[in-house]
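Worksheet: one structure, shown below.
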DNA sequence: TTAATGACCTCCG
DNA sequence: TCGGAGGCCATTA
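Numbering (my numbering), first residue to last: 17 to 124.
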């Protein structure tokens, strides 16, 4: 599997600027598969072995909630990484989500 | 090949 | 306005 939907997702996630976040649906939509939002999340499941490492901590659901934090080595790591980049996280939710939101479709 | 899974999104009550 | 249930697509076993 050289090229697949996953590769597309990885590319977009790696393009996310530091201190910015995006949603799975936005990525899926940017790839032309707005209904395949679940695939984006599924791709992240494989992102653990993807190289270079994927900044999955910059990707959250459309609610701005860190749903995938449990998939990290440690749930708190995701929040730490976000705060380390200047993203404020409160109650497992990204503060000013719509403000820090980064639309991949605009970059692509 | 068929069936099941998933870090989601949208709609309806 | 808030909560719950269903549906979509690609990948893996």
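Even for Gly, the Cβ is constructed at its ideal location relative to N, Cα and C. These numbers come from a predicted model, not from an experiment.
In the displayed model, residue 86 falls within a helix according to three-state DSSP. Distance from the CA of residue 77 to the CA of residue 83, rounded to the nearest whole angstrom, comes to 7 Å. The C-alpha of residue 81 is placed about 6 Å away from the C-alpha of residue 108. Residue state for residue 81 is assigned as strand, using DSSP reduced to three classes.
Nearest to residue 117 by C-alpha distance, out of 48, 94, 57 and 39, is 39. Take residue 66, set aside five residues on each side of it, and the residues of its chain with a beta-carbon closer than 7 Å to its own are 26, in chain order. The C-beta distance from residue 55 to residue 63 rounds to 12 Å, too long to fall under 8 Å, and the pair is not in contact.
Taken through DSSP and simplified to helix, strand or coil, residue 65 comes out as helix. Each of 104, 58 and 36 was checked against the Cα of residue 87, and the nearest Cα belongs to 58.
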